Amino acid sequence: MTTTTPQLSVELEAAYDLCREVAVGHGRTYYLATRLLPADRRPGFHSLYAFARTIDDLVDVEAGSSRTWEECARELDRIEAQLHELITADDQSTVELDPNWRPTLLAFADTMARYEVDPDHVWGFLGAMRMDLPGTERFRTRYTTMAELREYMDASAATIGMQLLAVLGAVVPLEVARPRAAALGQAFQLTNFIRDVGEDLQRGRLYLPADELAVFGVDYDLLLHCQRTATTDRRVRNALAHFAAINRSIYRTARPGIDMLDPQVRPAMRAAYTLYADILDQIEKADFRVLDRRAVVPRSRRFAVAAPEFARALAARRLG
């Protein structure tokens, strides 16, 4: 674990505060889970979330945006180059950073150093984000097969799971816990893909693979029709139920990994696991109507899950 230089300590504190604000503003489930973490782990968790979230926002180029995809692609290249320079510099104070990204990059680079986050997991994530950015060589709006989607998820979500694992810590060697952490990241992401089908269609995107949809007689045009008419065709409902079943199998693969974590962080990750899986429950209760609305876990349920985990978190800290 490295320490920060005195010159950067005040700025870093402000940078971590900004990352926390990003988490508060965007990730209700994630932020609630961080409240269950020991205080010393929260800044690192926030910095990982803020970096991933702001990159994700950068590559979601909307129609009518004030920035072109070329400008966003160049910005992503600059961010990657500046982060690489930051984590390899002998003196970080000499590295010139884009003012808009400086706080996020400083906090993220500090977290990488403190917890020895593997840089390959970061470069892999950035590579996956280029698949979402129009105009790049790797850009794609649809996936033909589940194998193609899993390749994307390996780079975009599994890498996040493994970054988080480095921050959270484990009672087993990290190489033993990594497959479970990767699966948890993939489980969360596939839940997002199922929940956000309607929003993605509005962006001209579809992450659910065509071959799996075709088994149920579903294609892109049928999904668009259902969205325009605010209906859920039986074929669409069956296809989404199929993906929900796949999603639950990934959650089952990930579940044993929670018991591999540091006992003090298990309550937080159990809460995140339960609440994200609950999104699938809400989708099923709504009869898979996701094309014109977004499934949300009720606040009462979020706090019902968090309350007992908070008690367990306090107990774990006392024992620790």
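Per this note's numbering, the sequence shown starts with residue -11, numbered consecutively.
The C-beta atom is built at its ideal place from N, Cα and C for all residues, glycine as well.
Note that this is a predicted model, so its numbers are computed, not measured.
Practice prompt. Taking only the alpha-carbon atoms, compute the straight-line gap between Thr(-7) and Tyr4 and give it to the nearest angstrom.
Written response: The predicted position of Thr(-7) is uncertain, since its pLDDT is 41 and thus under 50; a value taken from the coordinates is nonetheless stated next. So the two alpha carbons sit approximately 15 Å from each other.
Worksheet item: What residues in its chain sit with their C-beta under 7 Å from that of Val12, if we drop five residues either side in the sequence?
Response: Tyr19
Worksheet item: What is the residue span of the alpha helix (DSSP H) that Val224 lies within?
Response: Arg222 to Ala242
Discussion item. According to DSSP, Asn194 sits in a beta bridge with which residue or residues?
Written reply: First, the amino acid is wrong: residue 194 is Leu here, not Asn. According to DSSP, Leu194 bridges with Arg130.
Fill in: Neighbour-count burial assignment, Asp98, 16 or more Cβ in a 10 Å radius
buried
Practice prompt. Whole angstroms is fine: what's the gap from Met(-11)'s alpha carbon to His109's?
Written response: Annotation note: pLDDT 39 at Met(-11) (below 50); position unreliable, coordinate value reported separately. Computed Cα separation, rounded: 18 Å.
Fill in: Cβ pair count under 8 Å reaching 3, the stretch 137 to 148 against the stretch 172 to 180
yes
Practice prompt. For Leu24, name the three-state secondary structure that DSSP assigns.
Written response: coil
Worksheet item: Would a C-beta distance cut-off of 8 Å place Val285 and Gly186 closer than the cut-off?
Response: no
Worksheet item: Quick one: does Ala256 have its CB under 8 Å from some CB of chain C?
Response: Checking the listed chains, one finds no chain C in this structure; it contains a single protein chain.
Worksheet item: In or out: Arg290 buried (at least 16 other Cβ within 10 Å) or exposed?
Response: buried
Worksheet item: Looking only at its own chain, which residues have a Cβ that is under 6 Å from the Cβ of Met248, when we skip the five neighbours before and after it?
Response: Ala158, Val160 and Ala165
Worksheet item: Going by DSSP, what residues sit across from Leu249 in a beta bridge?
Response: Ala158
Discussion item. Let's see if you can read the secondary structure: which residues bound the alpha helix (DSSP H) around Glu84?
Written reply: From DSSP, Glu84 is part of no alpha helix (DSSP H); its letter is neither H nor E.
Practice prompt. May I ask which residues mark the beginning and end of the alpha helix (DSSP H) holding Ala265?
Written response: Arg254 to Lys273
Practice prompt. Could you work out which residue in Ile234, Arg55, Arg23 and Arg222 is closest to Phe260 when comparing CA atoms only?
Written response: The question names Phe, but residue 260 is Ala in the sequence shown. The shortest Cα separation from Ala260 among Ile234, Arg55, Arg23 and Arg222 belongs to Arg23.
Worksheet item: In the structure shown, what three-state DSSP assignment does Leu279 receive?
Response: coil
Worksheet item: Whole-angstrom Cβ separation of Leu263 and Val293, contact assumed at under 8 Å?
Response: 6 Å
Discussion item. With a threshold of 8 Å on Cβ separation, who are the neighbours of Asp188 within its own chain once the five nearest residues in sequence on each side are excluded?
Written reply: Phe181, Leu194 and Tyr195
Discussion item. At the level of alpha carbons, what is the spacing between Gly112 and Asp79?
Written reply: 25 Å
Worksheet entry | N- and C-terminal bounds of the alpha helix (DSSP H) containing Pro107 | Pro107 to Arg118
Item to complete: Could you check if Asp120 is buried or exposed, using at least 16 other CB atoms within 10 Å of its CB as the buried criterion?
Response: buried
Worksheet item: So the alpha helix (DSSP H) Glu9 belongs to, where does it begin and stop?
Response: Pro(-6) to His14
Worksheet item: CB-CB under 8 Å to Leu71, same chain, minus the five flanking residues each way: which ones, in chain order?
Response: Leu93, Phe96, Ala97 and Val110
Discussion item. Less than 8 Å between the C-beta atoms of Ala227 and Leu201, yes or no?
Written reply: yes
Worksheet item: Taking the continuous alpha helix (DSSP H) assigned at Ala146, which residues delimit it?
Response: Segment: none, Ala146 is in no alpha helix (DSSP H) and carries neither H nor E.
Fill in: Ala135, buried or exposed, once every other Cβ within 10 Å from all chains shown has been counted against 16
exposed
Worksheet item: Can you find at least 3 beta carbon pairs, one from the stretch 122 to 129 and one from the stretch 214 to 221, that sit closer than 8 Å?
Response: no
Discussion item. Suppose the cutoff is 6 Å on Cβ atoms and the five residues either side in sequence are ignored; what does the same chain contact list for Arg118 look like?
Written reply: Thr124 and Arg126
Worksheet entry | Cβ separation of Val155 and Tyr103, assumed to be a contact under 8 Å, to the nearest whole Å | 5 Å
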